Every structure is written in structure tokens, then in C-alpha cells.
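Everything below concerns the one structure shown next.
Residue numbers (the UniProt record's numbering): 1 to 110.
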């Protein structure tokens, strides 16, 4: 419960899109990544090295060690800035029927 409250807090709602942009979005690669100081070693990016095509066993082993020891940058999922969370709308409570008599009279309460 406490984790849900934290994730749904105003602070997280305001800042989570920035994190998504850095990790999965438009600031992961290219000029936006450079401007955000979010650039990693080129071998960490998906698709930079095709391990199946590497013929040199030592080079392949070094690439595999790089991936195993330092990981890979996640796949880029978004090309545009992630939108902010929409604010919850306050909807007035509906009018409730308090009682209905058998003759068709309805008594309403707010």
C-alpha cells in the first residue's frame, strides 16, 4: 500500500516522465541524450554489435564479457517525450434515490 501511495504521489507523477524519457525514450540516444548527459558506451546499446557475425573468438568473448559485466541499455520504446500523467477529475457524487413509495413518489437526497 505504501509503495502504491509513493508511486501515485504528485512528486513521482511530475518526475516519472523525465525518467522514462532518459531510460526508454527520446533522451536515450542522439542529440537529446547528449544534451541530457545520458550517453553510454556504444557497446551497451541494442543492435550495436551482432554477436553472431563476430568471427574473432577473442573479440566475441570481450563483447560478451562487456554485456555480462556491465549490462545493456534497454530497448528504446519512445521517440517523443513521454506525456505527463493526467490529473484525476473530481466528479460530483450522483444524486441518490433515498426511498420510493409504492405510489410512484420518489424522494431524492444529495
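Glycine included, each C-beta is placed from N, C-alpha and C at the ideal position. These numbers were taken from a predicted model, which means no experiment stands behind them.
Going by DSSP in three states, residue 50 sits in which element: helix, strand or coil? coil
On the criterion of 16 or more Cβ atoms from any shown chain inside 10 Å, does residue 56 qualify as buried, or is it exposed? exposed
Please state whether the Cβ-Cβ distance between residue 35 and residue 73 is less than 8 Å. no
Assuming contact is defined by CB atoms lying nearer than 8 Å, are residue 78 and residue 26 in contact in what I supplied? yes
Taking the alpha helix (DSSP H) that residue 3 belongs to, which residues open and close that run? 2 to 7
What I want to know is whether the C-beta of residue 20 ends up closer than 7 Å to one or more non-hydrogen atoms of the ligand SAM. With respect to small molecules bound, the structure shown includes none, and the ligand SAM cannot be examined in it.
Would you tell me roughly how many angstroms separate the C-alpha atoms of residue 52 and residue 59, rounded to the nearest one? 12 Å
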